[in-house]
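Undergrad: Under the working numbering, the first residue of the sequence shown is numbered 552, with each subsequent residue one higher.
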Amino acid sequence: MRWRAFLFLPLALVGLAEEVSLVRLSREAQVLPGAVAVHVWEITNTSADHLSLRLSVEAPQAWEILGVPQELLLIPGASEYLFVTVLVPKTAVAGTYAVRLRVAWNGKEAASEGPVEVRSVAALDLNIPPPASAPPGERLSREVLLLNRGNSVDRVSLEAWTAVGWPTKVSPSELVLAPGEGKAVRVEVSLPPTAPPGREVVFLRARSGVEPSVEARVAWYIT
Numbered sequence: 552m553r554w555r556a557f558l559f560l561p562l563a564l565v566g567l568a569e570e571v572s573l574v575r576l577s578r579e580a581q582v583l584p585g586a587v588a589v590h591v592w593e594i595t596n597t598s599a600d601h602l603s604l605r606l607s608v609e610a611p612q613a614w615e616i617l618g619v620p621q622e623l624l625l626i627p628g629a630s631e632y633l634f635v636t637v638l639v640p641k642t643a644v645a646g647t648y649a650v651r652l653r654v655a656w657n658g659k660e661a662a663s664e665g666p667v668e669v670r671s672v673a674a675l676d677l678n679i680p681p682p683a684s685a686p687p688g689e690r691l692s693r694e695v696l697l698l699n700r701g702n703s704v705d706r707v708s709l710e711a712w713t714a715v716g717w718p719t720k721v722s723p724s725e726l727v728l729a730p731g732e733g734k735a736v737r738v739e740v741s742l743p744p745t746a747p748p749g750r751e752v753v754f755l756r757a758r759s760g761v762e763p764s765v766e767a768r769v770a771w772y773i774t
């Protein structure tokens, strides 16, 4: 999905054509994925004639446009307020997008854009590897899939350890993942030559760089 950058002036006259003016009254909408964004325009007939206006709204792909009339009739000098509501998909990538309103009449057209900022949401997932075993003095490794379930690029840090403190490392210790991207990391545990019989627990933690309070953890047994 392409990111688009725009320069917006809040509460400014952003669309103007002879006979019809468009004024966006709403400021930039800031929403989370899965939420609705609303922009408000004032549409004014500045001509001396009755006008039949054809309305259309353009939004990013997969965004749902809710309840916009297709036509608006305005007498000379009259104004109407148009509320444009769009449903942002849960899969929307963080960034700034534009919702465009077009008004057409008598072969003429006026257009105006309303910015929508989709905020970043961090979410991580780790799969649980099956139990594994190795004799004392050997190294035991397992691959674990790390998945970025958030909507922005995330630099994730990883840490692994065991309950009794056996030498443990994770490789790589840091990954950069795009939204929806997954990569495998390898966790390696060195079993001491004097390791007693029984089970030991290995822990793995992944922490988001977008929101450090967001993390994922898994644990599994080795023998």
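No residue lacks a Cβ here, since even glycine has one placed at the ideal position from N, Cα and C.
Would Ala735 be called buried (16 or more neighbouring beta carbons within 10 Å of its own) or exposed?
TA: exposed
Undergrad: For the candidate residues Leu576, Glu615, Leu604, Leu638, whose alpha-carbon lies nearest to that of Ala586?
TA: Leu638
Undergrad: Since Arg575 sits in a beta bridge, which residues does DSSP pair it with?
TA: Trp592
Undergrad: Does DSSP put Trp717 in a helix, a strand or coil?
TA: coil
Undergrad: Pick out whichever of Arg706, Pro680, Pro682, Ala649 has its Cα sitting closest to the Cα of Ala674.
TA: Arg706
Undergrad: State the DSSP-derived secondary structure class of Lys641, mapped to helix, strand or coil.
TA: coil
Undergrad: Can you tell me whether Val761 is helix, strand or coil according to DSSP?
TA: Looking at Val761 - three-state DSSP - the assignment turns out to be coil, as it is neither helix nor strand.
Undergrad: Could you give the distance in angstroms between the alpha-carbon of Leu776 and the alpha-carbon of Arg758?
TA: Not covered by the structure: residue 776. The range shown for the chain is 552 to 774.
Undergrad: With contact counted as at least three CB pairs below 8 Å, one residue from each stretch, are the stretch 762-774 and the stretch 665-682 in contact?
TA: yes
Undergrad: Using DSSP with H/G/I as helix, E/B as strand and the rest coil, what is Thr647?
TA: Strand.
Undergrad: Can you tell me which of Arg690, Ser708, Val753 puts its alpha carbon nearest to the alpha carbon of Pro744?
TA: Residue Arg690 is the option with its Cα nearest to Pro744.
Undergrad: Would you give the residue range spanned by the beta strand (DSSP E) that Glu766 belongs to?
TA: 766-773
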